[in-house]
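Here the structure is laid out as structure tokens; the discussion comes afterwards.
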Amino acid sequence: MEHIFDTIIIGGGPAGYTAALYAARAGLNTAIIEKMSIGGQMTLTGDIENYPGFDEGIDGITLGMKMQSGAERFGAKTIYDEVTAVDFSGQIKKVEAFGGQYFAKTVIIAVGANPKELGLENEGSFIGRGVHYCAHCDGRFYKDKTVAVVGGGNSAAADALYLSRLAGKVYLIHRRDSLRATKIYHEPLFKSENIEFLWNTTVARLYGEKKLSSIKISTEGGLNDLELDGLFVSIGRRPATEFLKGVLPLDDNGYIVAGEDTKTPISGVFVAGDVRTKSLRQVVTAVADGAVAASAAEEYLAK
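Using numbering that gives the first Met the number 0, the first residue of the sequence shown is number 0, and each one after it goes up by one.
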């Protein structure tokens with residue numbers, strides 16, 4: 000006889016472990032399935048300074064571990080496995096993973112969204128050491144320093160404006176000759192005295208020893224070196240929803256379509272965190288989603 004959990008949470012980031020905390024504390028038999036490391040995208044951040052309650056900031060790994068401990072204190076179980084498919088057709092939901100099959104009365108999907116990387120050979124070695132994917136998370140480390148933002152969409156434009164209020168110099172590197180960002184961003188960007196545009200430009204190489212010190216850029220005129228303290232990559236995100244295609248409604252970018260109530264069209268299935276369609280993706284909004292989703296699951300089970 001397979002064990003049937005009250006709720007299975009797919010994803011061990013801030014949304015997942017907040018949902019686990021609320022669910023387990025409410026007396027639900029709760030499991031979190033996480034494929035890699037606890038904390039999700041938080042682990043890519045050196046210090047998180049915009050999460051309430053930590054007046055001197057806290058690093059992402061430590062915060063993730065604290066969230067895990069808080070949920071497990073009330074009986075939540077962490078399962079390290081990678082989900083490959085789901086079957087939500089019955090009252091009992093089935094979650095298939097490399098390590099076996101898991102069953103639950105409710106499922107909360109909190110798999111997050113991964114930032115798209117540049118794809119450079121040594122990019123991974125500089126993550127958190129000069130290469131970042133969240134300006135609002137890590138921008139404060141570069142006060143009065145020289146940084147660059149890669150991208151041309153709304154996120155890149157917003158990141159460049161945000162960083163221009165902190166850094167001494169901001170380069171906006173875009174592979175085309177005009178921005179894809181909406182017009183509302185154009186005027187403040189072009190008026191900013193410390194933002195310089197590098198059009199028709201791509202990043203070819205990263206350099207540095209213990210941390211990033213410069214990059215090589217490719218332009219129409221050839222290759223050039225550019226000294227930097229930090230590089231912020233803002234070329235989009237990729238939600239981890241491949242296993243949900245045809246199961247739940249996804250928008251054009253692959254995010255799960257759901258409102259603030261976290262409910263999906265399938266009864267007993269909820270979605271929380273960065274993987275949900277939303278305007279702001281931060282740790283604090285993921286945590287809020289997790290609490291709402293767990294409450295919704297508890298209400299569903301009560302009925």
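For each residue, glycine too, the CB sits at the ideal point set by N, CA and C.
- Query: Count the other CB atoms within 10 Å of the CB of Ala-166; is the residue buried (16 or more) or exposed (fewer)?
  - Reply: buried
- Message: Whole angstroms are fine: how far does the CA of Thr-263 sit from the CA of Phe-140?
- Response: 38 Å
- Would you report the Cα separation of Ile-316 and Ile-32, rounded to the nearest angstrom? Because residue 316 is not part of the residues shown, which for the chain are 0 to 302, the question remains open.
- Query: CA-CA distance, Ala-14 and Arg-236?
  - Reply: 17 Å
- Message: If I measure Cβ to Cβ from Thr-200 and keep anything under 6 Å in the same chain, skipping five residues before and after, which residues do I get?
- Response: Ile-172, Ile-216 and Thr-218
- Query: What residue from Thr-181, Met-41 and Val-286 has the CA that sits closest to Gly-152's CA?
  - Reply: Thr-181
- Task: Tell me whether Ala-203 sits in a helix, a strand or coil according to DSSP, three-state version.
- Result: strand
- Cβ neighbours of Gly-253 in the same chain (closer than 6 Å, five flanking residues each side left out): Pro-238 and Thr-240
- Query: Fully enclosed by the segment 133 to 221, which alpha helix (DSSP H) runs are 4 residues long or longer?
  - Reply: 134 to 137, 153 to 163 and 185 to 190
- Task: Taking the CB atoms as reference points, tell me whether Gly-138 and Leu-160 lie closer together than 8 Å.
- Result: no
- Query: Apart from the five residues just before and just after Phe-87, which ones in its own chain have a Cβ nearer than 6 Å to its Cβ?
  - Reply: Ile-265 and Val-268
- Please determine, among Ala-23, Gly-289 and Asp-260, the residue with the shortest C-alpha to C-alpha distance to Gly-74. Ala-23
- Item | Spatial distance of Gly-39 from Gly-111 (CA atoms) | 7 Å
- Query: Who does His-131 pair with in a DSSP beta bridge?
  - Reply: Phe-231
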